[in-house]
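Residue numbers (the working numbering): 2 to 90.
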């Protein structure tokens, strides 16, 4: 991979340009681990044995999502909501 100015070019043959890391390799690695943790957490929430456990895991997901934002994650917490959309009645 070569870097020129502010762009990075992938030389592995995939043809997909990659974006240079702004926060560094350590933050990228932690973000990947947190995303994997969030996937596991959501799976546990889906299989929760009680509504109380599901709610506690939902709250944990909100805090985990906050941590993801600190390391540059840009996914939406509630992807079904459109930006700027007013909350329901």
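Glycine included, C-beta positions come from ideal geometry on N, C-alpha and C.
Would DSSP call residue i helix, strand or coil?
i          : result
residue 54 : helix
residue 35 : helix
residue 69 : helix
residue 76 : coil
residue 24 : coil
residue 44 : helix
residue 8  : Bear in mind that the predicted position of residue 8 carries a pLDDT of just 40, short of 50, making it unreliable; the figure below should be weighed with that in mind. Here residue 8 sits in strand by DSSP.
residue 49 : coil
Taking the alpha carbon of residue i as the reference point, which residue from the options has its own alpha carbon closest?
i          : options        : result
residue 65 : 25, 30, 37, 51 : 37
For residue i and residue j, I'd like the C-alpha separation in whole angstroms.
i          : j          : result
residue 44 : residue 59 : 11 Å
residue 69 : residue 27 : 13 Å
residue 39 : residue 62 : 7 Å
residue 25 : residue 53 : 38 Å
residue 30 : residue 50 : 32 Å
residue 55 : residue 48 : 8 Å
residue 57 : residue 72 : 23 Å
residue 3  : residue 35 : Note on residue 3: pLDDT 41, under 50, position unreliable in the model; no value is reported.
Indicate whether residue i and residue j have their beta-carbon atoms separated by less than 8 Å.
i          : j          : result
residue 74 : residue 41 : no
With respect to 7 Å, is the separation between the Cβ of residue i and the closest non-hydrogen atom of the ligand HEM below this value?
i          : result
residue 72 : Looking for the ligand HEM in the displayed structure turns up nothing, as the structure carries no ligands at all.
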